[in-house]
Structure formats: structure tokens, C-alpha cells
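Read in order, the letters of the sequence shown correspond to residues 2 to 416 in the numbering used here.
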Amino acid sequence: MLDKFNDLPDWISRGLDDLFPCNDSEDSDQCFAKRLELSSIEKKPLRVKLGIDPTGTDIHIGHSILFRKLRAFQDAGHTAVLIIGDFTARIGDPTGKSKTRIQLSKNEVEANSLSYLEQLGLGKDPKNSLLDFSTPGRLEIRRNSEWLEKLNLSETIKLLSNATVGQMLAKEDFGNRYKSGTSISLHEFLYPLLQGYDSVIVKSDLELGGTDQKFNVAIGRDLQKAFGQKPQFGMLLPILIGLDGTQKMSKSLNNTVGINDDSLSMYSKLEKVPDDLVYSYLNLLTNENLKDLNTDPRELQKFMALKVTSNFKGIQAAKQAQINAEKLILGSNESLDQIPEASISKVNFPAKVFYVFSQMQLCSSSSEARRQILGGGVRIDGEKVEDPNLVFDKPDDLIGKILQVGKKKFLRVSN
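Below, the structure is given as C-alpha cells:
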């Protein structure tokens, strides 16, 4: 934790990467600790904004860092303002992109939005969800199409007048594309302005974002000033490094742990996280005391995997996943009741083993299945498969068995 955050309670400062402005001042517009204190004195909860663009269907544990912080504000009595960017998602956030994003349809975005809300806990007990959807006054859900679809040309021009081309090109992603001659569509310049306008509409006191969102959050501050509002603070949290240990967690990089993963898959992925990332996973994804951790790397990996899995699946499911993962390593399939099942009905018999693993979607293709087998990465009930042309005559030869690729992919065969 940085010294400049020492005046903040631990539930706020934990995992915090940046807070702006962050001045040692008595001014509640310049010092967040003073804004927090004023909120308490006036008994007026802060409005804490988090915007999400539902451009996909799945939330992974990297995304959960922001939602965990938003939930901490909810639990402290403040109001979480969750902006569903159903309008801005149709533009696509250009942050981190080397080319113009494909625009989504309204129906695609709405379907994704519902999937996101369900994963965040819509309809669930707050004890078992990322966000509290139930306690009165703790959550506002707003779709930004509510106001952005109504903007006329005059209002859009007013928004555009609050930013310059120089400002936009100073944004690293735009600057790199401009220098390389990669096209930038004019509608992409609108994205940070529309996202910032959300802050004006909901009268945000604080906006949460990843460290790559500072430009967008700052635009929100500028627009609030232009519209005569108190400017919001920006609170930025780290972007989680994925399972590969080098790049940010992203589904496109196949290095994610999904919050909808079954408990065994989640635990098994997490206990393979590189040693140098275990501490940051504990810091960002749990509330564990970091001062008294086991120093043995392997034990620390297992501890982290157990704690993170329990946050999403409950402690009993996490403990069972830990037991089952150990049994998988030992080659035992007794009582492995939490392994995901998949039907073998699409496999045509007699079938060679490489074909089976491809059809069961444990490998992306038959050629990949062959490579995995020849590389020693394929097991059935814990026993290594060495011949890719091994033949199974009928479904009964495989039903009930556990198919495994590496140490992260496995399933039990069902009818």
C-alpha cells in the first residue's frame, strides 16, 4: 500500500493502484478522505460509479476485482451505481485496441447484459454474490441508452467541444495507431466523452476503473466541471495478470478463470498460478491477512486457490475441490463428485482416442488432440494415454471415466 493512501481505511486502500486527485488538503474536492468524512457527517452516501460494457457473455476473476471494491462500498453504506453500457458497448471501448472494434447489435448487447447481471448476483442472496442486489439503497442499475439515445446533434456538439484532437491523440492507444498509420474512426473519439457524460447524468462522487481507464475517468471529471457539478474522484485498481503469468487476464488469450467455472476447474487452474503472482491474487481477490502467510510456495499456492475458490463457490465446495484435485493428480477417481460431466452422444463408435478428445471439446481439433497425446498430456482415469490411435469400440468403454488434458481440463463422460 502506498503511503499516500494511509489516511484511508484498509477496505478502500487494499489493492488500490491510483486515486486522483489525491492531495493532502482540507478540500473535499481534492482529498478523498475528506469527501468520505463529509459523507459521514452529512449522512449522505457516496455515489460510486462503475461502468461495464457488455461486449461478451462471461465475467472472469480479473473483472471481479472492481466488483469486489464496489461491494466494499456497498457494505460500508454507500450507493453503487452500476452503469450498463448498452449504448457505448455498440461503439466499443478503444482502450487497449490496435484497431477499430466490431460494433455489436442492440440485441447482442442486451443478451450480454442479462448474462452479466446474473453472474454478478441478480436474484441471489447477497451472501452468495459479488454485488448486493437486495438491500434498499445499495444499488442503482442504469443503462446508458436511457440518456445517450436521446442526445441530439446540438448536445453532441457541446460534448465534443470539451475535448481536443490533441487530447485524444495523447491517449496512448490512439497515439500509437495514428503514428503507425492504422485507421481511427471518428466515432471512437466519442467513446470517452459518452462514458464521461454518464458521470454527469448519475452525479457520480467516485468512479472505479482499471489502471487502463484513467483517461476515460478523467474525461468524466472534466465534463462534470463543465456542467457545473462537483467533480468525481477516480479510483484505479490493477489489471490481473492471467494464468500464463505474463499478459492481462483475457478470454481471447485463454488465460482466464471464469466465475462460472465449476469449483474443481476453478481450484485446479488457480493452484497452478505462477509463484510470483500468488501474493497479488491473494491481495486483490481475498480479504486474507497478508502479514502471516505461509512462506512455502506450494502451500501458498494451495492456500490462495482454496480462498479464492471459496469466495465464489463457498468453503465446502472449495475444500471438496481441493480434495478432488489431489485425487486427480494421484490418479484416483473415487468420489470426484464435482467434476463437470459431458455427454458422449455425439461421438461415433468405434472411435480413436484422439477423435474422442476432440469431439468432447477437451481439444480444439483432432490434430491438437494428437499433439497432446504424443506430448504426454492426456489421461483417462489418471492413466496416461500414449497411443493416439487407441480405439474404443462402444460408449460403455468410456462412460463414467474421467478424461483429462494437462492439469486444468477434465470431465466425466456421461450418456
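Backbone N, C-alpha and C fix where the C-beta goes; we use that ideal spot for every residue, glycine too.
Neighbourhood of Ala306 by C-beta, 6 Å cutoff - its chain only, sequence neighbours within 5 removed:
Stepping through the sequence shown from its first residue, residue 306 is reached at position 305. Correct list, in chain order: Tyr268, Leu271, Glu272.
Note down, one range per segment and in chain order, each beta strand (DSSP E) of at least 3 residues found wholly within the region 218–243.
Within the region 218–243, the complete beta strand (DSSP E) runs of at least 3 residues fall at 234–238.
What does the Cβ neighbour count give for Ala171, buried or exposed, with the cut at 16 atoms within 10 Å?
Here the question's residue 171 lines up with position 170 in the sequence shown. With fewer than 16 Cβ atoms within 10 Å of its Cβ, Ala171 is classed as exposed.
With C-beta atoms as the reference, is Phe393 less than 8 Å away from Ala352?
Stepping through the sequence shown from its first residue, residue 393 is reached at position 392. Stepping through the sequence shown from its first residue, residue 352 is reached at position 351. Yes, the pair counts as a contact, with Cβ atoms nearer than the cut-off.
Local Cβ density within 10 Å of Pro55, reported as buried at 16 or more and exposed below that:
Residue 55 sits at position 54 when you count from the first residue of the sequence shown. Buried.
Using a Cβ distance threshold of 8 Å, determine whether the region 61–81 contacts the region 238–256, with at least three qualifying pairs required.
yes
Mind checking Gln317: buried by the 16 CB within 10 Å criterion, or exposed?
Taking the first residue of the sequence shown as position 1, residue 317 is located at position 316. With fewer than 16 Cβ atoms within 10 Å of its Cβ, Gln317 is classed as exposed.
Let me check understanding here. Comparing Cα to Cα, which of Val379, Thr157, Leu194 lies closest to Val406?
Here the question's residue 406 lines up with position 405 in the sequence shown. Checked all of Val379, Thr157, Leu194; the closest Cα to Val406 is Val379.
Note the first and the last residue of the continuous alpha helix (DSSP H) segment covering Lys70.
Along the sequence shown, one-based indexing puts residue 70 at 69. Taken as a continuous stretch (DSSP letters only), the alpha helix (DSSP H) holding Lys70 covers 62–76.
Quick check on Ile400: buried or exposed, where buried means 16 or more other Cβ atoms within 10 Å of its Cβ?
Here residue 400 is taken as the residue at index 399 of the sequence shown, counted from 1. When all chains shown are included, Ile400 counts as exposed.
Taking C-beta to C-beta, are Leu47 and Leu207 nearer than 8 Å?
On the sequence shown, position 46 is the one that residue 47 refers to. On the sequence shown, position 206 is the one that residue 207 refers to. Their beta carbons are under 8 Å apart, which means Leu47 touches Leu207 by this criterion.
Is it true that the region 361–376 meets the region 220–234, where meeting means three or more beta-carbon pairs spaced less than 8 Å apart?
Touching, no, given that fewer than three Cβ pairs across the two stretches are closer than 8 Å.
Is the Cβ-Cβ distance between Leu404 and Ile381 less than 8 Å?
The count along the sequence shown starts at 1 and reaches residue 404 at position 403. The count along the sequence shown starts at 1 and reaches residue 381 at position 380. Their beta carbons are under 8 Å apart, which means Leu404 touches Ile381 by this criterion.
Neighbourhood of Lys215 by C-beta, 8 Å cutoff - its chain only, sequence neighbours within 5 removed
In the sequence shown, residue 215 corresponds to position 214, counting from 1. Excluding residues within five positions, the ones whose Cβ falls inside 8 Å are Asp19, Phe21, Gly235, Leu237.
Who does Thr80 pair with in a DSSP beta bridge?
Sequence index remark: in the sequence shown, residue 80 carries index 79 (1-based). For Thr80, which the question treats as bridged, DSSP gives the partners Arg48.
With burial defined as no fewer than 16 other Cβ atoms inside 10 Å of the residue's Cβ, what is the status of Asp262: buried or exposed?
Taking the first residue of the sequence shown as 1, we reach residue 262 at position 261. The residue is buried, with at least 16 neighbouring Cβ atoms inside 10 Å.
8 Å CB neighbourhood of Leu194 in its chain, flanking five on each side removed:
As a position in the sequence shown, residue 194 is number 193, starting the count at 1. Setting aside the 5 residues that flank it on each side, Leu194 is surrounded in the same chain by Leu160, Leu161, Asn163, Ala164, Ile220, Leu224, each with a C-beta closer than 8 Å to its C-beta; the list follows chain order.
Flag this pair as yes or no: are the beta carbons of Lys421 and Ser29 separated by less than 8 Å?
In the structure as shown, the chain begins at 2 and stops at 416. Residue 421 is therefore absent and cannot be evaluated.
What does DSSP give as the partner residues of Phe393 in its beta bridges?
Looking up residue 393 in the sequence shown gives position 392. Answer by DSSP bridge pairing, in chain order: Ala352.
Threshold first: 3 residues or longer. Then list the beta strand (DSSP E) segments lying entirely within the region 124–207, N to C.
140–144
Can you give the Cα-Cα distance for Asp388 and Gln323, rounded to whole angstroms?
Taking the sequence shown and counting its residues from 1, one reaches residue 388 at position 387. Taking the sequence shown and counting its residues from 1, one reaches residue 323 at position 322. Their backbone Cα atoms lie some 30 Å apart in a straight line.
Can you round the beta-carbon distance between Ser65 and Ile260 to whole angstroms, since I take them to be within the 8 Å contact cut?
Reading the sequence shown from its first residue, position 64 is the one you call residue 65. Reading the sequence shown from its first residue, position 259 is the one you call residue 260. About 6 Å; that satisfies the 8 Å criterion.
Euclidean distance between Cα positions of Leu37 and Gly78
As a working note, residue 37 is residue 36 in the sequence shown. As a working note, residue 78 is residue 77 in the sequence shown. Distance between the alpha carbons of Leu37 and Gly78: 11 Å.
Give me the residue from Ser266, Asp297, Leu17, Tyr198 with the minimum Cα distance to Pro239.
Within the sequence shown, the letter at position 238 stands for residue 239. Looking at the Cα atoms, Leu17 is the closest of the given residues.
DSSP beta-bridge partners for Gln321?
The residue given as residue 321 occupies position 320 in the sequence shown. Partner(s): none; Gln321 has no beta bridge.
Since Pro396 and Phe355 are thought to touch, with beta carbons under 8 Å apart, how far apart are those beta carbons, to the nearest angstrom?
Residue mapping note: residue 396 aligns to position 395 of the sequence shown, counting from 1. Residue mapping note: residue 355 aligns to position 354 of the sequence shown, counting from 1. Taking 8 Å as the upper bound for CB-CB distance, Pro396 and Phe355 are not in contact here, some 17 Å apart.
Helix, strand or coil: which one does DSSP assign to Phe1?
Here the chain comprises residues numbered 2 to 416, so residue 1 is not present and cannot be evaluated.
Suppose you measure from the CA of Thr136 to the CA of Leu71; what does that come to, to the nearest Å?
Locating residue 136 in the sequence shown gives position 135, counting from the first residue. Locating residue 71 in the sequence shown gives position 70, counting from the first residue. Thr136 and Leu71: Cα-Cα distance of roughly 14 Å.
Can you name, in chain order, every residue of its own chain whose Cβ lies under 6 Å from the Cβ of Tyr179, other than the five neighbours on each side?
Counting from one through the sequence shown, the residue named residue 179 turns up at place 178. Closer than 6 Å at Cβ, skipping near neighbours: Leu170.
For Asn325, tell me which candidate among Ser266, Gly377, Val203 has the shortest Cα-Cα distance.
Counting from one through the sequence shown, the residue named residue 325 turns up at place 324. Checking every option, the nearest Cα to that of Asn325 belongs to Ser266.
DSSP state of Lys308 mapped onto helix, strand, coil
Stepping through the sequence shown from its first residue, residue 308 is reached at position 307. Correct three-state label for Lys308: helix.
If distances are taken between C-alpha atoms only, which option among Cys32, Lys44, Leu132, Ser26 comes closest to Phe68?
Numbered from its first residue, the sequence shown carries residue 68 at position 67. Of Cys32, Lys44, Leu132, Ser26, the residue nearest in Cα terms is Leu132.
To the nearest angstrom, how far is the alpha carbon of Val166 from that of Thr157?
The sequence position of residue 166 within the sequence shown is 165, counting from 1. The sequence position of residue 157 within the sequence shown is 156, counting from 1. Straight-line Cα distance between these residues: approximately 16 Å.
Assuming Ile92 and Ile53 form a contact by the criterion Cβ under 8 Å, report the distance between their Cβ atoms to the nearest whole angstrom.
For this step, residue 92 is matched to residue 91 along the sequence shown. For this step, residue 53 is matched to residue 52 along the sequence shown. The beta carbons of Ile92 and Ile53 sit about 14 Å from each other, so the pair does not count as a contact at 8 Å.
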